[in-house]
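Since the structure comes first, as structure tokens, the remarks are kept for the end.
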Amino acid sequence: MCGISGIINKENDCIDAKVIQDMNDLIIHRGPDSEGFFFGDSFAFGHRRLSILDLSPCGHQPMNFQDKYVITYNGEVYNYIELQEELIQHGYTFQSETDTEVILAAYDFWGEECVQKFNGMWSFAIYNKIEDIIFCSRDRFGVKPFFYSEVNNNFVFGSEIKQLLPFHEQNIANLSMLLDFLVMGLSEHTEQTFFEGVYSLKGGSNLIYDLKTHTHRVEKYYNLKIDPSLSGLNEDEAVVEYQQALQKSVKLRLRSDVKVGTCLSGGLDSSAVASIAAKINAVETPNPFNAITASSLDPKNDETSYAEKVVKHAKLNWNVVQPSHNDFLDKIDEIVKLQDEPVGGPSIVMQYVVFKKAKETGCKVMLDGQGGDETLLGYERYYPSYLLSLSFKEMCKGFFKASDNSKLSKFSLLAYCAYFLSANLRKKRLLKRNSFIKPEYFPKVNWYFLNKLAKSYKDIFKLQKLEIFETQMPHLLRYEDRNSMAHSIEARLPFIDYQLVETALSLPNNYKINEGWTKFLLRKAIDDYLPKSITWRKNKIGFEAPADIWLKDHKYYIQNAIANSTILKNITNEKRVTDHKSIWLMFFIAKWEHAYNVKLKN
Numbered sequence: 001m002c003g004i005s006g007i008i009n010k011e012n013d014c015i016d017a018k019v020i021q022d023m024n025d026l027i028i029h030r031g032p033d034s035e036g037f038f039f040g041d042s043f044a045f046g047h048r049r050l051s052i053l054d055l056s057p058c059g060h061q062p063m064n065f066q067d068k069y070v071i072t073y074n075g076e077v078y079n080y081i082e083l084q085e086e087l088i089q090h091g092y093t094f095q096s097e098t099d100t101e102v103i104l105a106a107y108d109f110w111g112e113e114c115v116q117k118f119n120g121m122w123s124f125a126i127y128n129k130i131e132d133i134i135f136c137s138r139d140r141f142g143v144k145p146f147f148y149s150e151v152n153n154n155f156v157f158g159s160e161i162k163q164l165l166p167f168h169e170q171n172i173a174n175l176s177m178l179l180d181f182l183v184m185g186l187s188e189h190t191e192q193t194f195f196e197g198v199y200s201l202k203g204g205s206n207l208i209y210d211l212k213t214h215t216h217r218v219e220k221y222y223n224l225k226i227d228p229s230l231s232g233l234n235e236d237e238a239v240v241e242y243q244q245a246l247q248k249s250v251k252l253r254l255r256s257d258v259k260v261g262t263c264l265s266g267g268l269d270s271s272a273v274a275s276i277a278a279k280i281n282a283v284e285t286p287n288p289f290n291a292i293t294a295s296s297l298d299p300k301n302d303e304t305s306y307a308e309k310v311v312k313h314a315k316l317n318w319n320v321v322q323p324s325h326n327d328f329l330d331k332i333d334e335i336v337k338l339q340d341e342p343v344g345g346p347s348i349v350m351q352y353v354v355f356k357k358a359k360e361t362g363c364k365v366m367l368d369g370q371g372g373d374e375t376l377l378g379y380e381r382y383y384p385s386y387l388l389s390l391s392f393k394e395m396c397k398g399f400f401k402a403s404d405n406s407k408l409s410k411f412s413l414l415a416y417c418a419y420f421l422s423a424n425l426r427k428k429r430l431l432k433r434n435s436f437i438k439p440e441y442f443p444k445v446n447w448y449f450l451n452k453l454a455k456s457y458k459d460i461f462k463l464q465k466l467e468i469f470e471t472q473m474p475h476l477l478r479y480e481d482r483n484s485m486a487h488s489i490e491a492r493l494p495f496i497d498y499q500l501v502e503t504a505l506s507l508p509n510n511y512k513i514n515e516g517w518t519k520f521l522l523r524k525a526i527d528d529y530l531p532k533s534i535t536w537r538k539n540k541i542g543f544e545a546p547a548d549i550w551l552k553d554h555k556y557y558i559q560n561a562i563a564n565s566t567i568l569k570n571i572t573n574e575k576r577v578t579d580h581k582s583i584w585l586m587f588f589i590a591k592w593e594h595a596y597n598v599k600l601k602n
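Structure follows, in structure tokens:
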């Protein structure tokens, strides 16, 4: 895991070394172990290294390959050993044990199709001296970030937005993004960012920059592939298929030359990862596997007791950290600054302190459970879409089972169905909840996307694709990346292995929600790994912060931040806000505006 920087001058001028150095210095936290630069005739690459595989100088970047290619790369290709063996059979030799060198050899052999061979997370730029192009790529689901901007005859790119902002005269807010965020909670549904003129290369896409013509194109290389042969499996066969894919994914993500641990909330997904990793670890070493839990001050959303059951069952080496009353005030400015864009709520503080603790305990790699809900229908809002896919008889049966085996009452489930399946009803509710926004701004909200959301709820596969690529998962991945890299930690996510994702989506839906149980397939797959009280929990909580306590205790601090926001004064009547979710959204917009001196366009 590392950080990358790049500048291309569109007038073919040489790059000032100080400029690329300054870009690189802004992401020292992403790679504190070493730095490197490469200068072409009219471009430059920068790199910050976090050493995970082959800790020797052989892994130094930017890396040159056969005097034909140069790469600056952030991420991990977990199947690099298998790819290296395949490439050796084709006559390639290797000077290091790094995945970086394997990527370069793969690009030389397979060309742009090499990314189809990779299993992992990545964001890289390869200078192809032969074709005079720069080939950039981002992993299938966008786990690793890649931002770019064209400004003042420069094409600039990097791992974080903060690297690109100095090239702009002013930091101008993207009004449409702000409105979509305030009204619908969306932040990653487009290639645009919260800053005008700064863009994100979407997951599963390549960007090819032609140094001869100074033009670029973006090409999507990945679409979810469904395996029809898995749709006919019976329940036992489906469980084995998924279990084997999950075990393989976790094992791949344990490849490391440094200490590995896992985030453990006590929820189903993180508990599954922790228990499988612990079992694999026990075969290889007598040392217990490491786990870290964030405990909440608020008893109603504290999962520490569940995490403790997992720790005892899997014999984990456990650390618990609890953000204090003052941690919110002490850390919030730093967290806002490292995220670069507004965030949706205070739970991000919980994740931040987990990675902080990981660094203190010497864990340079941390597993986490992101992606289980999106791929296995884990959220209760998936019930309407699932029920709609059934026959009338099965729908009625499924409705009652859903209320029996979840925390939703029958009335709540009916309300869910009405709300999520109707764009008009959803729009009316959003308009009412967001009545504090000045009326002239409502036409600028992306209501088309709301219709797209409502339509997706009528097709469960479309809904999952939307949540994986555009709505739910992308913003969680952003939080994960910035929070982990702030502490020079590599976060690895077993549930977002593309082969595991495709397996999950290929298996019948009634194995994902069954008898009202969400993530039924996962529950069955790990039933022997965990206590029943974890596997068959009904009360899903999530990585929750003591939001109500913080909102009450820091009321005036939060109100003052919102009141002092010029952006919010322009687009809202902030005194009319009572909804807690909206207050948090506005607070984080205000803090972001202050951190980056953001202005609205005149």
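For the sequence shown, the residue numbers in UniProt numbering are 1 to 602. Glycine is no exception: its CB is placed at the ideal position from the N, C-alpha and C atoms.
Per-residue DSSP class, three states only, for residue i
i: tyrosine 69; result: strand
i: proline 546; result: coil
i: glutamate 76; result: strand
i: lysine 599; result: strand
i: glycine 158; result: strand
i: arginine 48; result: strand
i: histidine 214; result: coil
i: tyrosine 127; result: strand
i: lysine 220; result: strand
i: tryptophan 122; result: strand
i: valine 343; result: coil
i: arginine 576; result: helix
i: proline 323; result: coil
i: phenylalanine 588; result: helix
i: proline 228; result: helix
i: glycine 398; result: helix
i: phenylalanine 94; result: coil
Candidates the options: closest to residue i by CA position
i: proline 346; options: Thr535, Met586, Gln95; result: Met586
i: alanine 491; options: Ser187, Ile226, Gly266, Val273; result: Val273
i: lysine 10; options: Gly371, Tyr557, Ala44, Lys129; result: Ala44
i: phenylalanine 420; options: Ile437, Gln84, Leu388, Lys397; result: Leu388
i: tyrosine 441; options: Asp210, Lys569, Val102, Thr304; result: Lys569
i: alanine 561; options: Lys540, His594, Ile571; result: His594
i: glycine 46; options: Gln66, Leu53, Lys18, Asp54; result: Lys18
i: leucine 600; options: Leu179, Cys114, Tyr448; result: Leu179
i: asparagine 564; options: Ile549, Pro384, Ala590; result: Ala590
Span of the beta strand (DSSP E), counted from its first residue to its last, around residue i
i: valine 151; result: 147 to 151
i: asparagine 9; result: 2 to 9
i: valine 19; result: Careful: valine 19 lies outside any beta strand (DSSP E), inside the alpha helix (DSSP H) at 17 to 25.
i: arginine 492; result: 490 to 492
i: residue 612; result: It is not possible to answer for residue 612, since the shown part of the chain is limited to 1 through 602.
i: glycine 197; result: That residue, glycine 197, is in no beta strand (DSSP E); it is neither H nor E in DSSP.
i: isoleucine 133; result: 133 to 138
i: glycine 36; result: 34 to 39
Bounding residues of the alpha helix (DSSP H) (the contiguous stretch that carries residue i)
i: valine 115; result: Run containing valine 115: none; DSSP gives neither H nor E here.
i: valine 183; result: 175 to 184
i: isoleucine 526; result: Isoleucine 526 -> no alpha helix (DSSP H), and no H or E assigned at all.
i: isoleucine 562; result: 555 to 563
i: serine 385; result: 383 to 388
i: lysine 144; result: Run containing lysine 144: none; DSSP gives neither H nor E here.
i: asparagine 570; result: 566 to 571
i: phenylalanine 109; result: 99 to 110
Chain-order list of residues whose beta-carbon lies under 8 Å from that of residue i (same chain, five-residue window excluded)
i: lysine 410; result: Phe399, Phe400, Ser403
i: isoleucine 130; result: Lys68
i: glutamate 160; result: Gly3, Leu26, Ile27, Arg30, Pro145, Phe147, Asp340, Arg482
i: glycine 204; result: Arg138, Asp139, Arg140, Phe141, Gly142, Lys220, Tyr221, Tyr222, Asn223, Phe469
i: lysine 359; result: His487, Ser488, Ile489
i: leucine 329; result: His554, Tyr557
Chain D within 8 Å of residue i, Cβ atoms only
i: valine 311; result: Among the protein chains of the structure shown there is no chain D, as only one such chain exists.
Residues of its chain near residue i, where Cβ-Cβ distance is below 6 Å and the 5 sequence neighbours each way are ignored
i: valine 156; result: Ile7, Ser149, Leu164, Phe167
i: serine 506; result: Ile226, Asp227, Leu230
i: serine 249; result: Pro494, Asp497, Leu500
i: asparagine 12; result: Ser42
Residues of its chain near residue i, where Cβ-Cβ distance is below 7 Å and the 5 sequence neighbours each way are ignored
i: alanine 525; result: Val239, Tyr242, Gln243, Leu246
i: aspartate 99; result: Leu53, Glu76, Val77, Tyr80
i: glutamate 82; result: none
i: glutamine 192; result: Asn174, Met177, Tyr199
i: lysine 465; result: Leu224
i: lysine 212; result: Asp132
Contained alpha helix (DSSP H) runs [length at least 4] in the stretch 253 to 318, N- to C-terminal order: 268 to 284, 304 to 314
Residue ranges of each alpha helix (DSSP H) within the stretch 420 to 487, 4 or longer: 423 to 433, 447 to 456, 460 to 469, 472 to 485
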